[in-house]
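What follows is a short report on a single structure.
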Amino acid sequence: MTGRHTAILIIGSPEWTDLVEAAQHAWHAGRPDSARKLLSLAGPAAGRKALLLGEIELRDGDPAVAVHELTTAAGQLDDPGPALLLAGEARRLCGDVHGYRAMARAVPPTSDLMLAHFRGLAATFEGKHADAVEPLRDVVRLGMAATDVASAVWAAEAAFALGLGEKAFDCASAAVSRARPTGREAALPWALVQLSLAAIVLDRHEVALEASREGLAASAAQRTTRTEHLSLLALSAALRDDRETAQSHLDNAAAAIAKRGLGRPCAIASWAYACLDLADDRPADALARLDAMTAGVSGAQPAIQALATPQLVEAAVLVGQHDRAKHALKVFDGWVRTGGNAAWLALSHRCHGLLTDDVTHFETAIALHRKAGAAMELARTQLLYANRLRLRRRLLDARDQFRSALRVFQSIGAQRWTARAEAGLRAAGETVGAPKVSLAGLTPQQAAISQLVAVGETNKEIARRLVISHRTVDHHLRNIFTTLGVRSRVELARRVTSLEDDQA
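Just so we're aligned, residue 1 is where the sequence shown starts under UniProt numbering, counting upward by one.
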């Protein structure tokens, strides 16, 4: 049977006499099973065949198998660049940074973009940011000067590594734009992954949601890429305190992550879980998840680790591990200050505010958040700043920051962060939004402590939630017992519950 007849039987088209070309057509049309069938029947042209098999395996199969197919293709093609770049991506998807660096050392100088991409990312992974700058800038320049989808994606990755968040967003947008009119449906979900991630880390969640929803719809035949979009949707939801949505996406991604060894989605899922832990006031759990990010399936994911630094620093500070926070922040600073991106510089200043007594870091962070248009992260910074101001007895200033944060949290339906801001307001003496329960004779902070005792929180948990010391909680509880005439936490909880029942 001729190639033309085989193509007619499998994909219904008489146009293709070369089965590898027919398979490529089927793949670009979103039909990976037909493409695999055609490739299984194709004869020689091993390099072209292995390249396409490797790309299909990368998007719809096992990235470890993709590495084998793609490195095989690179050794058989006159231009090994596309195959090597995809093989490098497969290694990074698996978290195999060691294998990636080994590839970078051996890559032939057949393509300026390919060579610069490997050199720049390898230097970044080794912590040699100064050495990475020039080759990564070359990748951005060359990738945006080209007209294909892949070059724009490589440019977006290079911009990320340079700390150029806005540039990464622009490059990813270009990749999506290039993918849409070409008939290369297989490239669109991949480009949308880059756009969604760029939007998330710039606090542009509506853009991220649109990108990954489109990515899910377009990647029904790309199970690996689909899993990447599920993990990104989970992260966006977690950052916005939407636990139900985040958990649903995480559950849907879990099986594929484990079965296919998808390190990058696994690391993003860990990041999402840590965000949920912080919203639930469980910083120890958040820190444990982030510390374990490179264990197991994730492998080494330096880019995701760097992006999750603000959550790691916050969690580490809350549990008293300041040295852990300082080490992570040093790496983060070396990265974000190279690019000068306002959104990421704001997060750096917030972290420094948590680690020092200098409140000007919070003020600088707030100004940078506003410049970047990062509403959710602005509110999170204002909440942390408000707690610091309250501890310094600057109650009027603290209430202003609590109110500003509260408005944002309420507007997006972030229930846990809303409750935290309301609790802070009450502790700072605010009456608006206070609970209906009346505990006459108590200060606002004592009333807040009584409420938390009633729901079963320990002194340690109360201290962390209200950002006060364990000793201060003990002192307030003694005064609460005296004022209300109760002798134990059980009696106090009954008193609060009784008042709530009377008002129900």
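For each residue, glycine too, the CB sits at the ideal point set by N, CA and C.
None of these values were measured; they are calculated from a predicted model.
- With a 10 Å radius around the Cβ and a threshold of 16 neighbouring Cβ atoms, residue 470 comes out exposed.
- Looking at the backbone, the Cα of residue 451 and that of residue 133 are separated by about 53 angstroms.
- Out of 199, 414, 26 and 338, the CA that lies nearest to the CA of residue 246 is found in 414.
- The C-beta of residue 396 has fewer than 16 other C-beta atoms within 10 Å across all chains shown, which makes the residue exposed.
- Of the candidates 91, 47 and 418, 47 places its Cα closest to the Cα of residue 79.
- The beta carbon of residue 354 is closer than 8 angstroms to those of 313, 314, 317, 325 and 384 in its chain, skipping five residues each way along the sequence.
- With contacts defined as CB atoms closer than 9 angstroms, residue 30 and residue 220 qualify as a contacting pair.
- Of the candidates 81, 28, 42 and 484, 28 places its Cα closest to the Cα of residue 56.
- If you draw a straight line from the Cα of residue 171 to the Cα of residue 457, it is about 48 angstroms long.
- With 16 or more other Cβ atoms from the protein chains shown falling within 10 Å of its own Cβ, residue 95 counts as buried.
- Using a Cβ distance threshold of 9 angstroms, residue 427 and residue 448 count as a contacting pair.
- A straight line joining the alpha-carbon of residue 142 with that of residue 394 spans about 52 angstroms.
- At least 9 angstroms separates the beta-carbon of residue 239 from that of residue 269.
- Residue 165 is not a Cβ neighbour of residue 207, given a cutoff of 9 angstroms.
- Taken in chain order, the unbroken stretches of alpha helix (DSSP H) that lie wholly in the stretch 64-151 and span 4 residues or more are 81-94, 97-106, 112-125 and 129-145.
- Distance between residue 257 and residue 295, taken at the CA atoms: about 14 angstroms.
- The residue from 357, 420 and 379 with its alpha-carbon nearest to that of residue 389 is 357.
- DSSP, read as helix, strand or coil, puts residue 159 in helix.
- Remark: C-beta atoms of residue 228 and residue 276 do not approach each other more closely than 9 angstroms.
- The alpha carbon of residue 176 has as its nearest neighbour, out of 392, 147 and 411, the alpha carbon of 147.
- Within the same chain, Cβ atoms closer than 8 angstroms to the Cβ of residue 112 are found at 138 and 142, the five residues on either side in sequence being excluded.
- By the C-beta density criterion, residue 25 is buried, having at least 16 other C-beta atoms within 10 angstroms.
- A Cβ-Cβ separation of about 4 angstroms places residue 349 in contact with residue 365 under the 8 angstroms criterion.
- For residue 412, the closest C-alpha among the options 110, 52, 205 and 108 is that of 205.
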